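Colleague: Right, I'll just put the structure down here and ask away after.
Number of protein chains: 2
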Amino acid sequence: MTTPRTDTGEIPVSAVSPQEVERLLLGAWAETRRTARGVLKDPQFHKVEGMSTADHRERTLKQLHALVEQGAVHRAFPKEFGGQDAHGANIAAFEELVTADPSLQIKAGVQWGLFGAAVMHLGSREHQARWLPGIMSLEVPGAYAMTEIGHGSDVASIGTTAIYDPETEEFVLHTPFEAATKRFLGNAALHAKAAVVFAQLITRGVNHGVHCFYVDVRDDEGRALPGITIEDDGHKGGLNGVDNGRFRFNQVRVPRTHLLNRYGDVAADGTYTSSIESPGRRFFTMLGTLVQGRVSLTGSAVAASKLALIGAITYGNQRRQFHTASPTEEQVLMDYQVHQRRLIPRLAKTFAAAFAHEKLLAKLDDVFSGRDDSDENRQELETLAAAIKPVATWHALDTLQEAREACGGAGFIAENRFTSLRADLDVYVTFEGDNNVLLQLVAKRLLADYAAEFKNADVGALASYVANQASDRVMHRFGLRRALQEFRDTGDERRSANWFKQPEVQRQLLAGRVRQMVVDVASELRSTAKLPMQKQAEVFNEHQYEIVNAAKAHADLLMWESFTDALERVEHEPTKQVLTWLRDIYALTTIEETLDWYLGNGRISSQRARTLSPYINRLLARVRPHAQDLVDGFGYEPDHVRMEVASGAEQARQEEALEYYRTLRASSEAPVDEKTLLDKKRAAERAARAR
Amino acid sequence: MTTPRTDTGEIPVSAVSPQEVERLLLGAWAETRRTARGVLKDPQFHKVEGMSTADHRERTLKQLHALVEQGAVHRAFPKEFGGQDAHGANIAAFEELVTADPSLQIKAGVQWGLFGAAVMHLGSREHQARWLPGIMSLEVPGAYAMTEIGHGSDVASIGTTAIYDPETEEFVLHTPFEAATKRFLGNAALHAKAAVVFAQLITRGVNHGVHCFYVDVRDDEGRALPGITIEDDGHKGGLNGVDNGRFRFNQVRVPRTHLLNRYGDVAADGTYTSSIESPGRRFFTMLGTLVQGRVSLTGSAVAASKLALIGAITYGNQRRQFHTASPTEEQVLMDYQVHQRRLIPRLAKTFAAAFAHEKLLAKLDDVFSGRDDSDENRQELETLAAAIKPVATWHALDTLQEAREACGGAGFIAENRFTSLRADLDVYVTFEGDNNVLLQLVAKRLLADYAAEFKNADVGALASYVANQASDRVMHRFGLRRALQEFRDTGDERRSANWFKQPEVQRQLLAGRVRQMVVDVASELRSTAKLPMQKQAEVFNEHQYEIVNAAKAHADLLMWESFTDALERVEHEPTKQVLTWLRDIYALTTIEETLDWYLGNGRISSQRARTLSPYINRLLARVRPHAQDLVDGFGYEPDHVRMEVASGAEQARQEEALEYYRTLRASSEAPVDEKTLLDKKRAAERAARAR
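So the protein lines, in turn, are chains A and B. Per our numbering, the first sequence runs over residues 1 to 691. Per our numbering, the second sequence runs over residues 692 to 1382.
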């Protein structure tokens, strides 16, 4: 299909095909997403705002049962137990739950994505047969007892102990001090009958590190079993449909066979065995299933960002404020440059995050289906998830907030859901891996990759690399290279825009930044290799901020690459053009955010830099007429959106008001403005004086 | 008092005097603040988390009655009615309410700061005598009916009409279309018996613009009076103790004498008179009392930021995570550079905002006390409030969020209040003047000042100015000036730090940016002066983003100046030293945020720019040991803070855990780590092979 257009942005306003956008975004699991969305149109799944915590918790439990009835939550489980062995599809469907109620999503995630997944991935065939049916049917609601008051991100250091007693062939689970209390556990406060509990496995005087145990926690009447103290975490900033709570164990005995023993086992006599020799690698293998949580939160964050933008952009296209350019008609919010600046770059980043997430999900499916479950691919999946999850979840909070502000007071009313979604998603940035900690994992991987590359380089290559580095430094130090650029580059706006819009330029800028930041940090750290541990830690800490920033830059690049790859899949040309502008907006606003780095490192001349912001503003104005089609392309229906601001009511109100004034002006009853009279009077006085 | 110190930051850890910091921050209304804080230690005023909306609303109403009993809310009213004519003190006390419950604050603000203040400032002596006693005693709860569904920031365009009927000597209040429904009105949904209603005053066929009317809205049984439809705005993102609602008027008749007629009156025969000839000036004069709301929200936002930092910094000094530098002791969070980066710049900005607010409050007191109520001073107050309110309220949301994230999962639990305060304060950024709209007011004032300055300049000065401008431009265009700087400035870190820490350099950088941004925008706009309105509006819109950014830069400068002035008032030398570093951190992180501008405009060389971030990191490490004393200096007691993370419980838990491990290591029962055994085994194997 071809629609007339030119390169200067003159394509018809209705050029974007929302259907094409939808097709593109639904991605590989389109049918699953459509099915899941269909299920979630049912009002029984929708969050009721302003409900009491107690009622919300009960409602969420009921919703979970309803999901079981609909067969909506078993895709990841083995076929023999009624699942589909479909890991990517499972997560694609799971992500959609956020549109109904994030509490529903997280409680479902605890039950099937954490509790159930631990039994499935860490347990034996026998464990699965014994426990999965009850977990899948929700006959046995369960908790995932990993986090402690004193240890969240540093799971390896948790304090709970599981000491093996060969006399009775039992493990003795114990909370040795208050900080080792399990905390923030979904399902724990009220509903869990059992839990998977992570504890230091100690047998024959040796601590084999963190392992996972299946533990019954409540009797049939819902009372805590002997030795287990359960407390309620109480009201939270959001997700109050989830009953988070705490467990303390006082010498609680569980049968030896309750150790989920896929990666490490204890024989009746207390002998420990494992298929993985290194305790470190064993630990990370056992924790590997956690990546599913990170991937699914990424997708959920993208879905919430989409809802926010549907609300704010629809409203921005209908609400009018200030007689900016006409005395009779107020201006639509989306026509204001600042409004475009607030919403369209976030729209662009939402697309980027959506495409990056789709890649992540495909990789997860490769790994978990066993289709490509190499160590390398698994590590790549984990690094990718650790990079994208922080950026996508922070982006969701930022977008929900900006959208809420862009709707003014209306954005604050619960019926418009921005504040509710934001409150619920808040914790997504610190759970399933604190964002700042995840970024440090990414950075460590980047540094390790760089070190490996360096080690493998032959001496000649190395020497020339070092020489290049050195001359680079001299060039930078004396600003020579940039000064030369500037004499040549007089800041011609058109030439500058032509440069910025080239994908190769964007790639070089984004990738060059990651590369240089890693090189800079690595060279600082290399000199410390022979220092004592404490000193090394100090130097590392002195560069921690840079390290985190390098990881963020890496995530930016990954998102840009995903967006750029996705453009190849767009068949409808005008849609492709608009999405290309949107990709450019993503790239250029990302570069703009750290423009000081590009300037300070001589990557962009100050002449060019000064043209960047105006060029972005022009791109925003170019995309602006298509903003509605783009959010319509998210494919959510009114039953998913459920926001007054997106209902069209504002448009009706504006038309009614406009009609009222139009009729009034045409009638004889229209009052005259005092100001008009005053202006006339003053003009008459001036005329009199002039005579 | 002198404490030994050097310029390199080696001052004792306990060098900061929290008492001195407290004295400094309590400012001019220290006694009032202390009294208000004393009252608010009473648990009856404290927000109960997780309460239902209905219960919260009733509780808040009761709290208002309790405030009346305590004599805590009448300071601004005239002495003859039992007030104190004390405007600055009134707001200082009002701000403290946020620590108890922001709903309490806002409901009190509606009753006395808006409803009561409208009667006081817009009404006659007779109006005051008639209505103020009931308002002050809360016998008559009231609403402030200004905002409509269709008009928030653009009050001049509201749709509600008040048409004078000389036959009956009444005004007929009417809502002519749905968008003119009054909305988001505190007290409206349940408790208001009366309201001040803003409407277009029309008499004898002339619209005299927006005026304010005192209107009874409910009878003694709480039913809406005839012609008035009242609806509930329902659940909100926060502030659910305030019963927001809507009014619609259907030909509601109010006596002529209910027009609050201080600035405009209608005689029995319908003749309109006003002491202010210009309808525009009259409108802005009537709206002038709104500035009180902006000033008080600024102070409240600062108070909430303080609470957030007390929580996160106290916890950051106690919570430990990861064995970064020692195998037996985990590292305290505040020792991580990223944690310092997250919290200390926000601490610095909180001080800057506090000092700027103190200035604002002093100016408000000057104006409202009549001590210095010139037109110029009033405009200056309004511009100052319009600049600081956006920055301070956004800062509060940002700080509450970062503090919540810095406490991980604990930050999300309601008992730690971060999420609750954030939810309640969210709307502070859009009410009492939408932040983005306020910034545009500031920018317009900056542009007007610049234009006036230009007009007054004599020809010679102007010519030389233009010449300077031109050579400046050439210098910038060819990067000459910077290139020269760079040859001279080889990026020596010490010299660079010495430069950055000079107050004069900071001032020049911050002030120079505002100046240049205004000049740049003004020169773009000047060329449009003769174009038609629509075209002018277009060009203005094309620079709207720059304009808003110029206003933000202006606010940054004001905050820096306030901080710098406040340093003069510090008597305790070591405290002064630490606060000076903190001021430097505020200045330099602010510059760092827009470093691209300084680079692109040749204000900072790229050599220097590269030393900025490391220098900030060193300053953060220098302030870090004093962070606890600084937040202790906020002067809030446990009854104000009420956060588990700030209670010291974490410290006790850490000590208990440390003691447990210490005892265990000393005993014979300590398990050996599998990793230790493995390392030994491998070493033995290597030794065997070597033999």
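We put the beta carbon where it would ideally sit given N, CA and C, even for glycine. In this text the structure is predicted, and so the values were computed from the model without any measurement.
Give me, in chain order, the residues of the same chain whose beta-carbon lies closer than 6 angstroms to that of residue 94 of chain A; leave out the 5 immediate sequence neighbours on both sides.
Modeller: Residue mapping note: residue 94 of chain A aligns to position 94 of the first sequence, counting from 1. Within the same chain, residue 94 of chain A has close Cβ partners 296.
Colleague: List the residues of chain A whose Cβ lies closer than 8 angstroms to the Cβ of residue 870 of chain B, in chain order.
Modeller: For this step, residue 870 of chain B is matched to residue 179 along the second sequence. Within 8 angstroms Cβ-Cβ: 653, 654, 656, 657.
Colleague: Do residue 1366 of chain B and residue 280 of chain A come within 9 angstroms of each other at the CB atom, strictly closer than that value?
Modeller: Looking up residue 280 of chain A in the first sequence gives position 280. Looking up residue 1366 of chain B in the second sequence gives position 675. Going by C-beta atoms, residue 280 of chain A is nearer than 9 angstroms to residue 1366 of chain B.
Colleague: For residue 409 of chain A, I'd like the list of residues in its chain whose CB is within less than 7 angstroms of its CB, leaving aside the five on either flank, ordered along the chain.
Modeller: In the first sequence, the residue the question calls residue 409 of chain A occupies position 409. For residue 409 of chain A, where only same-chain residues beyond five positions count, there are no Cβ hits under 7 angstroms.
Colleague: Given that residue 315 of chain A touches chain B, what residues does it touch there, using C-beta distances under 8 angstroms?
Modeller: Sequence index remark: in the first sequence, residue 315 of chain A carries index 315 (1-based). Against residue 315 of chain A, chain B offers no close residue; the least beta-carbon distance is about 12 angstroms (beta-carbon pairs closer than 8 angstroms).
Colleague: Identify the continuous alpha helix (DSSP H) that holds residue 1351 of chain B and give its terminal residues.
Modeller: Taking the first residue of the second sequence as position 1, residue 1351 of chain B is located at position 660. Residue 1351 of chain B -> alpha helix (DSSP H) spans 1340 to 1357.
Colleague: Do residue 1130 of chain B and residue 1267 of chain B come within 9 angstroms of each other at the CB atom, strictly closer than that value?
Modeller: Numbered from its first residue, the second sequence carries residue 1267 of chain B at position 576. Numbered from its first residue, the second sequence carries residue 1130 of chain B at position 439. Not a contact, by the Cβ cut-off of 9 angstroms.
Colleague: Mind checking if residue 1308 of chain B is an interface residue toward chain A, Cβ cutoff 9 angstroms exclusive?
Modeller: One-based indexing of the second sequence puts residue 1308 of chain B at position 617. Chain A contact via Cβ: present.
Colleague: Do the CB positions of residue 519 of chain A and residue 598 of chain A come within less than 9 angstroms of each other?
Modeller: The residue given as residue 519 of chain A occupies position 519 in the first sequence. The residue given as residue 598 of chain A occupies position 598 in the first sequence. Between residue 519 of chain A and residue 598 of chain A, the gap from beta carbon to beta carbon reaches 9 angstroms or more.
Colleague: Using DSSP bridges, identify the partner residues of residue 980 of chain B.
Modeller: Counted from its first residue, the second sequence places residue 980 of chain B at position 289. Bridge partners of residue 980 of chain B: none, in fact.
Colleague: Less than 9 angstroms separating the beta-carbons of residue 797 of chain B and residue 930 of chain B?
Modeller: As a position in the second sequence, residue 797 of chain B is number 106, starting the count at 1. As a position in the second sequence, residue 930 of chain B is number 239, starting the count at 1. Contact: yes.
Colleague: Okay, do the stretch 577 to 588 of chain A and the stretch 528 to 543 of chain A touch, 3+ Cβ pairs below 8 angstroms being the bar?
Modeller: no
Colleague: At a CB distance below 9 angstroms, what residues from the stretch 330 to 348 of chain A approach chain B? Give them in sequence order.
Modeller: Shown in chain order are the members of the stretch 330 to 348 of chain A whose Cβ falls below 9 angstroms from a Cβ of chain B: 330, 331, 335, 336, 337, 338, 339, 340, 341, 342.
Colleague: Rank A:249, A:334, A:170, A:285 by C-alpha distance to the C-alpha of residue 266 of chain A and give the top, closest one.
Modeller: The residue you call residue 266 of chain A lines up with position 266 of the first sequence. That would be A:170, whose Cα lies nearest to the Cα of residue 266 of chain A.
Colleague: Just verifying my parser: in three-state terms, what is the DSSP assignment at residue 868 of chain B?
Modeller: Position 177 of the second sequence, counted from the start, is the residue given in the question as residue 868 of chain B. Here residue 868 of chain B carries a coil assignment [DSSP, helix/strand/coil].
Colleague: Taking C-beta to C-beta, are residue 779 of chain B and residue 1231 of chain B nearer than 9 angstroms?
Modeller: In the second sequence, residue 779 of chain B corresponds to position 88, counting from 1. In the second sequence, residue 1231 of chain B corresponds to position 540, counting from 1. No; because the gap between Cβ atoms is not below 9 angstroms, this pair is not in contact.
Colleague: Which residue marks the beginning of the alpha helix (DSSP H) containing residue 1308 of chain B, and which one marks its end?
Modeller: Position 617 of the second sequence, counting from 1, holds the residue named residue 1308 of chain B. That run of the alpha helix (DSSP H) goes 1297 to 1314.
Colleague: Which residues of chain A have a Cβ atom closer than 9 angstroms to the Cβ of residue 1145 of chain B, listed in chain order?
Modeller: In the second sequence, residue 1145 of chain B corresponds to position 454, counting from 1. Chain A residues near residue 1145 of chain B: none, gap ~23 angstroms exceeds 9 angstroms.
Colleague: Answer yes or no: the CB of residue 256 of chain A versus the heavy atoms of the ligand NAD, is any distance below 8 angstroms?
Modeller: Among the ligands in the structure shown, none appear at all, so the ligand NAD cannot be discussed.
Colleague: Comparing the C-beta of residue 321 of chain A with each C-beta of chain B, is any distance below 9 angstroms?
Modeller: Looking up residue 321 of chain A in the first sequence gives position 321. True, the Cβ-Cβ gap to chain B drops below 9 angstroms.
Colleague: Give the DSSP bridge partners of residue 1376 of chain B, in chain order.
Modeller: For the purposes of this step, residue 1376 of chain B is identified with residue 685 of the second sequence, where counting begins at 1. DSSP lists no partner for residue 1376 of chain B.
Colleague: Run through DSSP, which three-state label would residue 239 of chain A get?
Modeller: The residue labelled residue 239 of chain A in the question sits at position 239 within the first sequence. Of the three classes helix, strand and coil, the one that applies to residue 239 of chain A here is coil, per DSSP.
Colleague: Give me, in chain order, the residues of the same chain whose beta-carbon lies closer than 7 angstroms to that of residue 227 of chain A; leave out the 5 immediate sequence neighbours on both sides.
Modeller: The residue you call residue 227 of chain A lines up with position 227 of the first sequence. The answer, listed in chain order, is 249, 250, 251, 252.
Colleague: With 9 angstroms set as the bound, which would you pick, yes or no: does the beta-carbon of residue 792 of chain B sit closer than that to a beta-carbon of chain E?
Modeller: In the structure shown, chain E does not exist; the protein chains are A and B.
Colleague: Which ranges does the alpha helix (DSSP H) cover as unbroken runs of at least 4 residues, wholly within the stretch 51 to 111 of chain A, from first to last along the chain?
Modeller: If only complete runs of 4 or more residues are kept, the stretch 51 to 111 of chain A shows the alpha helix (DSSP H) at 53 to 69, 87 to 96, 102 to 108, in order along the chain.
Colleague: Tell me which residues share the same chain as residue 285 of chain A and place their Cβ nearer than 7 angstroms to its Cβ, disregarding the 5 neighbours each side in the sequence.
Modeller: Taking the first sequence and counting its residues from 1, one reaches residue 285 of chain A at position 285. 263, 276, listed in sequence order.
Colleague: Using only CA atoms, which one of A:347, A:418, A:180, A:516 lies nearest to residue 49 of chain A?
Modeller: In the first sequence, counting from the first residue as 1, residue 49 of chain A sits at position 49. The shortest C-alpha separation from residue 49 of chain A is found at A:418.
Colleague: Measuring CA to CA, which of A:128, A:687, A:413 is closest to residue 259 of chain A?
Modeller: Sequence index remark: in the first sequence, residue 259 of chain A carries index 259 (1-based). Comparing Cα-Cα distances from residue 259 of chain A to each of A:128, A:687, A:413, the minimum goes to A:128.
Colleague: Give me the DSSP bridge partner(s) of residue 206 of chain A.
Modeller: For the purposes of this step, residue 206 of chain A is taken as residue 206 along the first sequence, with counting starting at 1. Per DSSP, A:203, B:1363.
Colleague: If you follow the alpha helix (DSSP H) that residue 188 of chain A is in, where does it begin and where does it stop?
Modeller: Counted from its first residue, the first sequence places residue 188 of chain A at position 188. No alpha helix (DSSP H) holds residue 188 of chain A; DSSP gives it neither H nor E.
Colleague: List, in order along the chain, the chain B residues whose C-beta lies closer than 9 angstroms to that of residue 153 of chain A?
Modeller: Taking the first sequence and counting its residues from 1, one reaches residue 153 of chain A at position 153. Proximity of chain B to residue 153 of chain A at the Cβ level (cut-off 9 angstroms) is accounted for by 1012, 1013, 1099, in chain order.
Colleague: Nearest chain A C-beta to residue 796 of chain B closer than 9 angstroms, yes or no?
Modeller: Counting from 1 along the second sequence, the entry for residue 796 of chain B is found at position 105. Chain A contact via Cβ: absent.
Colleague: Output yes if chain B places a C-beta closer than 9 angstroms to the C-beta of residue 674 of chain A; else output no.
Modeller: Your numbering for residue 674 of chain A matches position 674 in the first sequence. With 9 angstroms as the cut-off, residue 674 of chain A counts as an interface residue toward chain B.
Colleague: Taking 6 angstroms as the limit between beta carbons, can you name the residues of its chain near residue 478 of chain A, skipping five residues before and five after?
Modeller: As a working mapping, residue 478 of chain A is identified with position 478 in the first sequence. The predicted position of residue 478 of chain A is uncertain, since its pLDDT is 43 and thus under 50; a value taken from the coordinates is nonetheless stated next. Here the set comprises nothing.
Colleague: Closest to residue 995 of chain B by CA distance: which of B:960, B:964, B:1044, B:1018 is it?
Modeller: Residue mapping note: residue 995 of chain B aligns to position 304 of the second sequence, counting from 1. Comparing Cα-Cα distances from residue 995 of chain B to each of B:960, B:964, B:1044, B:1018, the minimum goes to B:1044.
Colleague: Taking 6 angstroms as the limit between beta carbons, can you name the residues of its chain near residue 1380 of chain B, skipping five residues before and five after?
Modeller: For the purposes of this step, residue 1380 of chain B is identified with residue 689 of the second sequence, where counting begins at 1. Only residues of its own chain outside the window of five on either side were considered, and among them none has a CB closer than 6 angstroms to the CB of residue 1380 of chain B.
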